[in-house]
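In what follows, a single structure is set out as structure tokens and then discussed.
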Amino acid sequence: MTPGLHELLLGPAPEVAPGLLGSVFVCVRPDGAVALRITELEAYGGPHDSDLPDPGAHTYRGRTARNASMFEAPGRIYVYFTYGLHHAVNFVCRDEGVGGGILVRSGEVVLGHDAAVDRRLATRSTAPADAALARGPGNVARALGLSREDDGAALADLGRHGDPVAAVRAAVDRAPEPSWTGLALPADPAGDVVVTPRTGVTGPGGSEEFPWRYALAGEPSVSPYRKATVKRRRTR
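The sequence shown runs 0 to 235 under numbering that gives the first Met the number 0.
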């Protein structure tokens, strides 16, 4: 039997992430619902003493007030504020207490185009091109209307569908709640997937030892790959 979303998210992030490409991630807000077809993800592991130690992950030094959501049961979102500029969102995975997540790096806006544009215009003078509306982690969170207030929110399982966009539209139309997030999985796995090290991650976590960035080939919404600078200790 095909696993549901929460069962799927019990697995390690590098195993789960490629299967989430092509999923539709929706965030419903009082000012409008926006949904993205996910085109780019990055996987992140756990603490240094776990079975999947990841020096590039927020979990690496253990649980803190900031990253506590990454240690909760799978099926929640972890939203953090970074560089004093923008928010980013992860899907929490692994068993409760283990720590792990999947960063949503980019997506194609498939529902709520006008709301996404309005949110992006809050920090810029001109509207971005459609392909750039949710290109990059900060733009994903802004287009969806996510902030630290959403950290730890439940991620509704909207099922697996041949047309996940239509499934999300139907879920939005029938849902009475003013604010919620959900994910509709594709019936079939994504086609051509590009795999690289994570982009812009400094230190060992951005090296080729962690080829944990996954993107749909040929998608204009995918952010450009940026090779990280791996810091090495100086020797005398």
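C-beta atoms are modelled at their ideal positions from N, C-alpha and C, and glycine is treated no differently.
On the criterion of 16 or more Cβ atoms from any shown chain inside 10 Å, does Leu120 qualify as buried, or is it exposed?
Translated into the one-based positions of the sequence shown, residue 120 becomes position 121. Counting Cβ neighbours within 10 Å, Leu120 comes out exposed, since fewer than 16 surround it.
Glu137 lies in the alpha helix (DSSP H); which residues open and close that run?
Working through the sequence shown from its first residue, we reach residue 137 at position 138. According to the sequence displayed, residue 137 carries Gly and not Glu. Gly137 -> alpha helix (DSSP H) spans 136-143.
Nearest residue (CA-CA) to Leu4, options Gly74, Phe24, Asp162
As a position in the sequence shown, residue 4 is number 5, starting the count at 1. The option with the nearest alpha carbon to Leu4 is Gly74.
Would you call Ser22 buried or exposed, if buried means 16 or more other Cβ atoms sit within 10 Å of its Cβ?
Counting from 1 along the sequence shown, the entry for residue 22 is found at position 23. Buried: at least 16 other Cβ atoms inside 10 Å.
Out of Gly144, Pro46, Glu14, Arg36, which has the shortest C-alpha to C-alpha gap to Gly204?
Within the sequence shown, residue 204 is the residue found at index 205, counting from 1. Ranking the options by Cα distance to Gly204, first place goes to Pro46.
Are Gly181 and Ala170 closer than 8 Å when you measure CB to CB?
As a first step, residue 181 must be located in the sequence shown, where it is residue number 182. As a first step, residue 170 must be located in the sequence shown, where it is residue number 171. Yes, Cβ-Cβ distance for Gly181 and Ala170 is below 8 Å.
C-alpha distance - Leu84 paired with Leu8, whole-angstrom precision
Within the sequence shown, the letter at position 85 stands for residue 84. Within the sequence shown, the letter at position 9 stands for residue 8. Cα to Cα, the separation comes out at about 29 Å.
Local Cβ density within 10 Å of Gly106, reported as buried at 16 or more and exposed below that:
Here residue 106 is taken as the residue at index 107 of the sequence shown, counted from 1. Flag for Gly106 reads buried.
Which of helix, strand or coil does DSSP assign to Leu132?
Along the sequence shown, one-based indexing puts residue 132 at 133. Coil, per DSSP.
Cβ shell of Thr234 (< 8 Å), same chain only, five flanking positions each side left out
By 1-based counting over the sequence shown, the position of residue 234 is 235. The predicted position of Thr234 is uncertain, since its pLDDT is 45 and thus under 50; a value taken from the coordinates is nonetheless stated next. Closer than 8 Å at the Cβ level, and outside the excluded window around Thr234, lies no residue.
How long is the line joining the alpha carbons of Ser178 and Ala12, rounded to whole angstroms?
Position 179 of the sequence shown, counted from the start, is the residue given in the question as residue 178. Position 13 of the sequence shown, counted from the start, is the residue given in the question as residue 12. Cα to Cα, Ser178 sits roughly 26 Å from Ala12.
Does the beta-carbon distance from Gly202 to Pro29 come in below 8 Å?
For the purposes of this step, residue 202 is taken as the residue at position 203 of the sequence shown. For the purposes of this step, residue 29 is taken as the residue at position 30 of the sequence shown. No. Outside cutoff.
Between the segment 214-225 and the segment 30-39, are three or more C-beta pairs nearer than 8 Å?
Yes: the two stretches touch, three or more of their Cβ pairs being nearer than 8 Å.
With burial defined as no fewer than 16 other Cβ atoms inside 10 Å of the residue's Cβ, what is the status of Gly98: buried or exposed?
Looking up residue 98 in the sequence shown gives position 99. Classification for Gly98: buried.
What's the call for Thr125, buried or exposed, on a 16-neighbour Cβ count within 10 Å?
The residue given as residue 125 occupies position 126 in the sequence shown. That one is exposed.
Cβ separation of Val103 and Val139, assumed to be a contact under 8 Å, to the nearest whole Å
Locating residue 103 in the sequence shown gives position 104, where the first residue counts as 1. Locating residue 139 in the sequence shown gives position 140, where the first residue counts as 1. Right, their Cβ atoms sit about 5 Å apart.
DSSP state of Gly199 mapped onto helix, strand, coil
Looking up residue 199 in the sequence shown gives position 200. It is coil, neither helix nor strand.
Please state the DSSP three-state secondary structure of Ser105.
Translated into positions along the sequence shown, residue 105 becomes position 106. The answer is strand: DSSP assigns Ser105 an E or B state.
Take Pro17 and list the residues in its own chain whose beta-carbon comes closer than 6 Å to its own, dropping the five residues that flank it on each side.
Here residue 17 is taken as the residue at index 18 of the sequence shown, counted from 1. The answer, listed in chain order, is Val192, Tyr213.
Using a Cβ-Cβ cut-off of 8 Å (strictly less than) and excluding sequence neighbours within five positions of Arg147, which residues of its own chain qualify?
Position 148 of the sequence shown, counted from the first residue, corresponds to residue 147. The answer, listed in chain order, is Val78, Tyr79, Phe80, His86.
Do Gly190 and Gly111 have their beta-carbon atoms positioned less than 8 Å apart in this structure?
Working through the sequence shown from its first residue, we reach residue 111 at position 112. Working through the sequence shown from its first residue, we reach residue 190 at position 191. No, Cβ-Cβ distance for Gly111 and Gly190 is not below 8 Å.
Report the rounded CA-to-CA distance for Ala155 versus Leu143, giving the unit in angstroms.
As a working note, residue 155 is residue 156 in the sequence shown. As a working note, residue 143 is residue 144 in the sequence shown. Each residue's Cα considered, the two are about 15 Å apart.
Neighbour-count burial assignment, Met0, 16 or more Cβ in a 10 Å radius:
Position 1 of the sequence shown, counted from the start, is the residue given in the question as residue 0. At Met0, the pLDDT of 47 sits below 50, so the modelled position is not reliable; the number obtained from the coordinates is stated separately. By the neighbour-count criterion, in which 16 or more other beta carbons inside 10 Å mark a residue as buried, Met0 falls on the exposed side.
Could you compute how far the alpha carbon of Pro219 sits from the alpha carbon of Arg225?
Against the sequence shown, residue 219 aligns to sequence position 220. Against the sequence shown, residue 225 aligns to sequence position 226. Roughly 16 Å between the two C-alpha positions.
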